[in-house]
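Everything on this sheet refers to the single structure shown next.
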Amino acid sequence: MTREQFILQQQKRNEFSIKRTVVVLGSILVFCSVPIGVAYVVSKDTTPERSRRLLGIGLIVYIIAVYFGLLVSVRRNLNTYSILCPGCGKRILGFTGQIAIATGNCGYCGVKVFDESETST
Ligand SMILES: [Zn+2]
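So this is what it looks like as C-alpha cells:
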C-alpha cells in the first residue's frame, strides 16, 4: 500500500466514524423518545410499576444492542481501515497512522511501512 492509498483509507475511516456517531446518537434519541411516547399513550391502562419495569427491560435491551453494535463496528473499523506493520505486526491506525503518514515509518518500531516504488508524483 502506498502512502496516498493509506491517506484515502484514513479519510474513509473518518467518514465511517462520523456516520457511526450519528447512528449512536440517533438511537439514543429514539430510545429516549419512543418509550416516553408509548408510556404517555398507555399510561391510563398500566400501573407505574409496570411502566418502570418495561422501561428497565427496554434499557437493558438497548444497552445490549448498542454494545454488540459497537463491537461489530469497531472490529469492522480495525479490519477495514488499518494496515499491519511489516516489521512488528502491530496495527497502524489512528495516532500511529498519522505518524506513518508523516514519516512513512511505523510508530512502534520505525520500519518503513509504505511501498514507495508505486508512488506517483
Ligand atoms: Zn512496526
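Residue numbering for the sequence shown is 1 to 121, as defined by my numbering. Even for Gly, the Cβ is constructed at its ideal location relative to N, Cα and C.
- Here residue 95 is exposed. Its C-beta has fewer than 16 other C-beta atoms within 10 Å.
- Residue state for residue 90 is assigned as coil, using DSSP reduced to three classes.
- Bridge partners of residue 105 according to DSSP: 112.
- Inclusion of residue 101 and residue 1 in the CB contact set at 8 Å is not warranted, their separation being larger than that value.
- Contact between residue 111 and residue 87 holds: CB atoms are separated by about 3 Å, below the 8 Å threshold.
- Within a 10 Å sphere around the beta-carbon of residue 28 sit fewer than 16 other beta-carbons, which makes this residue exposed.
- Counting C-beta atoms within 10 angstroms of its own C-beta, residue 67 has fewer than 16 neighbours from the protein chains shown and is therefore classed as exposed.
- Between residue 93 and residue 108, the C-beta gap is not smaller than 8 Å, which leaves the two residues out of contact.
- For residue 80, the enclosing alpha helix (DSSP H) starts and ends at 48-81.
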